[in-house]
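Before any comments, here is the structure.
In full-length UniProt numbering, the protein residues as written are 1 to 332.
Listed below in structure tokens is the structure:
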């Protein structure tokens with residue numbers, strides 16, 4: 001048994017909602033490594049992986065063709081990426097061309113995800129046979145293992161004689177297989193979600209066990225490319241997809257936030273100055289991301305309302321990465 005196509009798509013919207021929360025958690029968590037901070041560090045790794053899988057699931061270059069597909073991505077991804085990235089960069093009140101270029105491509109910044117997903121689009125536009133996809137999954141598993149134990153850093157250091165510091169987030173082989181999993185699930189996502197719904201209790205239990213073990217083994221290194229990255233992130237993403245099938249998320253508010261998720265990803269750093277006015281109690285580690293998310297949604301919707309009043313809503317949506325603006329949000 002499985003879900004209908006419409007219900008599957010709506011559940012994936014819930015997954016987007018959960019993923020954008022994970023992204024905000026990753027970027028807003030404290031770094032004092034109390035026990036809540038170590039937990040949020042791990043929860044913060046699930047968002048990008050979820051977005052990559054969903055991106056792979058909806059990857060449709062064969063339907064549109066190479067040129068129309070990338071022409072569309074230029075408008076819907078590259079333009080808002082460069083615009084919002086530049087705005088946030090200029091908040092620092094300085095400009096250096098090389099520094100700006102590194103910022104935009106995601107060198108030690110949150111924008112690495114855009115470089116990664118555009119690279120995935122490009123690679124799979126050429127190599128998209130099933131055997132290619134399975135090879136990419138294997139390659140990513142191997143690359144993450146080598147990265148987690150420092151072998152790739154060591155290799156780059158030796159080959160460059162210490163002149164290059166490799167940034168693992170921009171290593172496409174650490175992500176390509178994740179995107180490929182989404183492509184492989186294209187015909188089986190509905191059945192996959194149905195299965196996860198039935199096994200949810202076991203999946204959550206397994207993730208909690210891995211979480212406890214991970215915090216115990218690596219109390220100060222639980223993000224991407226930690227020693228337990230492979231089991232933690234695999235089980236964590238499976239857990240997130242199982243949670244997206246819960247009826248509690250059957251509400252148009254979650255669907256609306258999901259539709260704004262790309263715009264939120266691009267602009268959530270603009271909300272971070274508000275953190276200095278938020279309470280600093282340790283339990284706020286889990287609450288502050290929801291406050292930031294709420295402010296971000298209000299910011300985007302208020303801007304959309306104003307742009308409509310002055311007939312600039314098309315430009316506003318393009319620059320801030322807002323999609324489905326005329327589509328009525330609905331639950332499943």
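Glycine included, C-beta positions come from ideal geometry on N, C-alpha and C.
Buried/exposed call for residue i, threshold 16 Cβ in 10 Å
i	result
residue 65	exposed
residue 29	buried
residue 225	buried
residue 56	buried
residue 8	buried
residue 314	exposed
residue 162	exposed
residue 289	buried
residue 220	exposed
residue 124	buried
residue 152	buried
residue 85	buried
residue 280	exposed
residue 268	buried
residue 101	exposed
residue 252	exposed
residue 243	buried
residue 171	buried
residue 111	buried
residue 277	exposed
Terminal residues of the alpha helix (DSSP H) in which residue i lies
i	result
residue 228	No alpha helix (DSSP H) contains residue 228, which DSSP labels as neither H nor E.
residue 106	Careful: residue 106 lies outside any alpha helix (DSSP H) and carries neither H nor E.
residue 261	261-267
residue 132	130-148
residue 5	5-28
residue 68	66-73
residue 95	No alpha helix (DSSP H) holds residue 95; DSSP gives it neither H nor E.
residue 308	284-309
residue 194	189-198
residue 120	112-124
residue 152	151-159
residue 162	Residue 162 -> no alpha helix (DSSP H), and no H or E assigned at all.
residue 317	313-320
residue 76	Here residue 76 belongs to no alpha helix (DSSP H), and DSSP marks it neither H nor E.
residue 278	Note, residue 278: premise wrong, no alpha helix (DSSP H); not H, not E.
residue 48	46-57
residue 181	176-184
C-beta atoms of residue i and residue j nearer than 7 angstroms
i	j	result
residue 285	residue 40	yes
residue 210	residue 189	no
residue 264	residue 20	yes
residue 214	residue 222	yes
residue 68	residue 319	no
residue 257	residue 53	no
residue 11	residue 245	yes
residue 48	residue 134	no
residue 173	residue 206	no
residue 300	residue 270	no
residue 176	residue 239	no
residue 241	residue 15	yes
residue 24	residue 291	no
residue 333	residue 128	The requested residue 333 does not occur in the structure, where the chain is confined to residues 1 to 332.
residue 178	residue 166	no
residue 36	residue 22	no
residue 192	residue 185	yes
residue 272	residue 17	no
residue 321	residue 262	yes
residue 144	residue 266	no
residue 137	residue 59	no
residue 248	residue 50	no
heavy atom of the ligand FAD below 6 angstroms from residue i C-beta
i	result
residue 118	As for the ligand FAD, it is missing from this structure, which has no ligand bound.
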